[in-house]
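>
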Amino acid sequence: MNTTGMTHQISNQFDELENYNLFETDTVLQEILTRYGSQDQARLTEMGKVIGSAEYYDYADLANRHTPILHAFDARGRRKDFIEFHPAWHKWMGLNRQFDTHAHPFNHPHSSSKWVEWAARFYLAGQVECGNLCPNSMTLGSIPLIQREPELWAKIGDKLLSTEYDERDVPISQKKSIWLGMGMTEKQGGSDVRANETIAVPVAASGRGQAYLLTGHKWFFSAPMCDAHLVVAKTEQDGLACFFVPRWLEDGNKNPIHVQRLKDKVGNRSNSSSEVEFKDAWGIMIGEAGRGIPTIIEMANYTRLTCSVGSTAMLRQALVQCIVYTRQRKAFGKHLAQQPLMQAVLADLALETEAAMQLSFHLAHCYEADDALSVAWKRIMTPASKFWVCKRAVELTGEMMEVFGGNGYVDNGIMARIFKEAPVNTIWEGSGNVMCLDVLRAISRDVESIEILFQDLASTAMQDEKLKQELQSLFKLFQQAPEGLQFMGRSLVSRLVILAQADLLKRHAPDYVADGFIQSRYSPFHGRVVGMLEMKQPDVERLLHRAFAV
C-alpha cells in the first residue's frame, strides 16, 4: 500500500465556531428580554448575526494581533501624541456605535427595559471582541455626569449620544461623535484615589464649571485616543475634584496631555491603555468642588456593571465553543460530549454561565429605577457581582481552554484570547479586595439596604431549605463588628453572590437549572475543581441543550 503523503491528512480536528447568530442561539438571553418587556429583539437579532459572522471574528483577531501604535512625535520632533489603530479596530468601534452600545439607555430614556437592552448589546459584542468595549463602557458611564453640567452638555451631548462613528483625531467641535475616557490611577496610590498628587490650578475663578490647568502624571489612562477624559486632581482650595479634560483645545491646538507610553498588557491587546503627563492641561471642573471621588465613583458604578456583563459574555462565548467542539471531537471511541466526565465539566460550566447571566441582567434591570429595592441591589450587588463574576471568569476560562487540549493553548484562536482577556475585569475599576470593601462600606453606611436586600431574597429563599439556612446564616454574619466583617470580606461577598444567583435561578430558570445549581453550589466539594458534581444533581442533556441547541 502506498502511504506517501498520508502523514499530513487532517482528521478529528475542528475549528472554533463562527458564522452563527449569537442572539438567535441564546435561549436564556431571549427569555430575559421577554421577561423585562423588551421590544428590541429584531435589532438584537441583526446585531447577533453581524457579530457572529466570520468577518467580525476575523476583525477581532486582527485588532488584537495588530496592536495600537503610539506616534508621540512627527518627523521633525513636534509633539503629536497620535495613536494608530488597525482598520479592524475601527470596524468594531463603528459596529458598536451603530448599535448604540455606548449610550442606549440615554437614547431611549422612556423605555422600561433600556438598561437590559443595553446589557444585551454589551454582552453580545463582548463575546467576540472585548477591547473596544473599554471606550464604550467609559462613555456610557460619563453621560449621566455630563448631563448634570448644562453648559457642557449643550456643547457635546449630541456628540456623546450619536450612533455615527467618527474616527478622526480632530477637535470636538469638528466631530460628529466623541468618546470619553477616565484618568484616576496614579503610580503611588492605585485604587487609593485620595493619594492622588495631580494638581489643578484655576485659570481665574474657581469652582464648578470653571477652567483649571492640570499638572501631574497618570499611571493608567484609559483610553488615550478618547476625545476627552474625566480626571481626578487635587486643588488647593477645595481638595480633590473631577475635571473634563479634552484632547484638543478650542483654538485647534492639542491640549498638553503627553502620552509617555502605551501599556504592554497581558490581554485587552486591541485597546490602548497609557501612561500620561499633564503639562498645564486645560480642563473644567464638573460636579461639586471637593467631591471629585464621589463624582468619578458614580461613573465607576456604571463601568463596574459593564465588567460583570463583559465577564459574563466571555463565559458565554467560551461555553458555546466548548459545547460545539466536544460534540464533534472524538476520543476513546465516543464524542467528548458523550463522555460522562466531560459532561460533568460542561454541565458545571453551563450552570455557572447562566447564573452569571441572570445576576448581571437583573442588576442591569435595577438600573431602570430608583426605588429602595433597586437601589439596594445596585449599591450592594454591583461591586459584589463585579468581584465574583469577574473572578470566576478567570478560573473558568482556563478550564474552558483546557477542553480544547493543546489546541486551546495555542495563541491563534478565540479561547486563548478570552483566557488572557478575563483578568482585566477583575482589576479594572477596582481589584477584588476593593470591591469587597465597597460592599461592606455600602452596608455600614446604609444598614437598611442589606435588610431590604435580604427581605427580597427571602421571598424566594424561604421556599428551599438550603437557601433558607444560608440566608439566615449570612444575615447573622453581616451583623458583626466591622473588623470581623473585613477579615471575612471575600467569604461573605462570595456567599452573598452565590445566594443571589441561586435565588434568581429559582425565580426565573427551569427547575433542572435552579436545582442543579443549588445542589452543586451547596455541596462541600463545590469550587475545588470544575465538574465535581454528583449524578443526582444536573439533568445534563437538557442543561446543555438549553445552553446551545444548534
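In the numbering used here, the protein residues as written are 8 to 557. Here a beta-carbon is modelled for each residue, glycine too, at the ideal position from N, C-alpha and C. Source: prediction; values computed, not measured.
For the stretch 361-381 against the stretch 329-349, are there 3 or more C-beta pairs whose distance is under 8 Å?
No: the two stretches stay apart, fewer than three of their Cβ pairs being nearer than 8 Å.
> Less than 8 Å between the C-beta atoms of Val6 and Ala235, yes or no?
Within the shown structure, residues of the chain are numbered from 8 to 557, placing residue 6 beyond reach of any answer.
> For Ile264, count neighbouring Cβ atoms within 10 angstroms of its own Cβ and tell me buried if that reaches 16, exposed if not.
Ile264 should be labelled buried.
> For the candidate residues Val273, Thr14 and Pro301, whose alpha-carbon lies nearest to that of Gly246?
Measuring from the Cα of Gly246, the nearest candidate turns out to be Pro301.
> Compare the Cα-Cα distances from Thr32 to each of Ile330, Met100 and Pro178 and report the closest residue.
Nearest option by C-alpha distance: Ile330.
> For Glu541 and Ser527, what's the separation of their Cα atoms in angstroms?
Roughly 8 Å separates the two Cα atoms.
> Could you tell me the alpha carbon to alpha carbon distance between Ala230 and Arg298, rounded to whole angstroms?
Roughly 23 Å between the two C-alpha positions.
> Report the three-state DSSP secondary structure of Arg86 (helix, strand or coil).
Strand at Arg86.
> Look at the alpha carbon of Trp125 and the alpha carbon of Ala110, and state the distance between them as a whole number of angstroms.
About 8 Å.
> Which one of Glu409, Ala49 and Gln324 has the shortest CA to CA distance from Leu24?
For Leu24, the nearest C-alpha among the options comes from Gln324.
> Cβ of Ser149 within 8 Å of Cβ of Ser169?
Going by C-beta atoms, Ser149 is not nearer than 8 Å to Ser169.
> If you draw a straight line from the C-alpha of Met388 to the C-alpha of Ile39, how long is it?
Going by the C-alpha atoms only, they are around 19 Å apart.
> For Gly188, which beta-bridge partners are listed by DSSP?
DSSP, once it has assigned bridges, lists His236 as partnering Gly188.
> Pick from Leu380, Gln105 and Ala468: whose alpha carbon is nearest that of Asp453?
For Asp453, the nearest C-alpha among the options comes from Leu380.
> In angstroms with no decimal places, state the Cα-to-Cα distance between Glu204 and Cys373.
Between Glu204 and Cys373, the C-alpha separation is close to 36 Å.
> Would Ala212 and Lys241 be called neighbours here (beta carbons separated by less than 8 Å)?
No, the pair does not count as a contact, with Cβ atoms beyond the cut-off.
> Would you mind working out which of Val35, Ser18, Phe21 and Gln20 sits nearest Ala559, comparing C-alpha positions?
Nothing about residue 559 can be read from this structure; the chain reaches only from 8 to 557.
> With burial defined as no fewer than 16 other Cβ atoms inside 10 Å of the residue's Cβ, what is the status of Met292: buried or exposed?
Looking at its Cβ environment, which holds 16 or more other Cβ atoms inside 10 Å, Met292 is buried.
> Can you give me the C-alpha to C-alpha distance between Ala202 and Glu243, rounded to a whole angstrom?
Whole-angstrom Cα-Cα distance: 14 Å.
> Where are the alpha helix (DSSP H) runs, 4 residues long or more, that stay fully inside the stretch 334-385, in chain order?
Correct list: 347-373 and 379-383.
> Which residue marks the beginning of the alpha helix (DSSP H) containing Asp463, and which one marks its end?
Element bounds for Asp463: Val454 to Ala468.
> Contact between the stretch 54-72 and the stretch 128-141: three or more CB pairs below 8 Å?
Yes, the stretch 54-72 touches the stretch 128-141.
> Have a look at Asp355 and Ile425 and give me their C-alpha separation to the nearest angstrom.
Computed Cα separation, rounded: 19 Å.
> For Arg42, which of Val536, Leu511, Glu158 and Ala488 has the nearest alpha-carbon?
Arg42 has its Cα closest to that of Leu511, out of Val536, Leu511, Glu158 and Ala488.
> I need the DSSP call for Met580, collapsed to helix, strand or coil.
Any answer about residue 580 is impossible in this case: the structure gives the chain only from 8 up to 557.
> Grab the span of the beta strand (DSSP E) containing Ile17 for me, first residue to last.
Ile17 -> no beta strand (DSSP E), and no H or E assigned at all.
> I believe Val547 touches Gln350 by the beta-carbon criterion, under 8 Å. Please report the beta-carbon distance rounded to the nearest angstrom.
Sure, about 5 Å apart at Cβ, within 8 Å.
> Closer than 8 Å is the cut-off here; do at least three beta carbon pairs connect the stretch 180-194 with the stretch 216-230?
The stretch 180-194 is in contact with the stretch 216-230.
> Around the Cβ of Asn19, are there at least 16 other Cβ atoms within 10 angstroms (buried) or fewer (exposed)?
Flag for Asn19 reads exposed.
> Mind checking whether Asn432 and Cys397 have CB atoms under 8 Å apart?
Contact: yes.
> With a Cβ-Cβ cutoff of 8 Å, do Cys233 and Gly294 count as a contact?
No.
> Along the chain, where does the alpha helix (DSSP H) that runs through Pro112 open and close?
Note, Pro112: alpha helix (DSSP H), His111 to Asn114.
> Is it the case that the Cβ atoms of Asn275 and Gly138 are separated by a distance below 8 Å?
Contact: yes.
> Of the residues Trp96, Ser180, Ser120 and Tyr416, which one's Cα is nearest the Cα of Asn143?
Among Trp96, Ser180, Ser120 and Tyr416, the Cα nearest to that of Asn143 is on Trp96.
> Between the alpha carbons of Glu284 and Ile179, how many angstroms are there, rounded?
Cα to Cα, Glu284 sits roughly 21 Å from Ile179.
> Taking all protein chains shown into account, do 16 or more other C-beta atoms lie within 10 angstroms of the C-beta of Leu348, making it buried, or fewer, making it exposed?
Its Cβ having fewer than 16 others within 10 Å, Leu348 is exposed.
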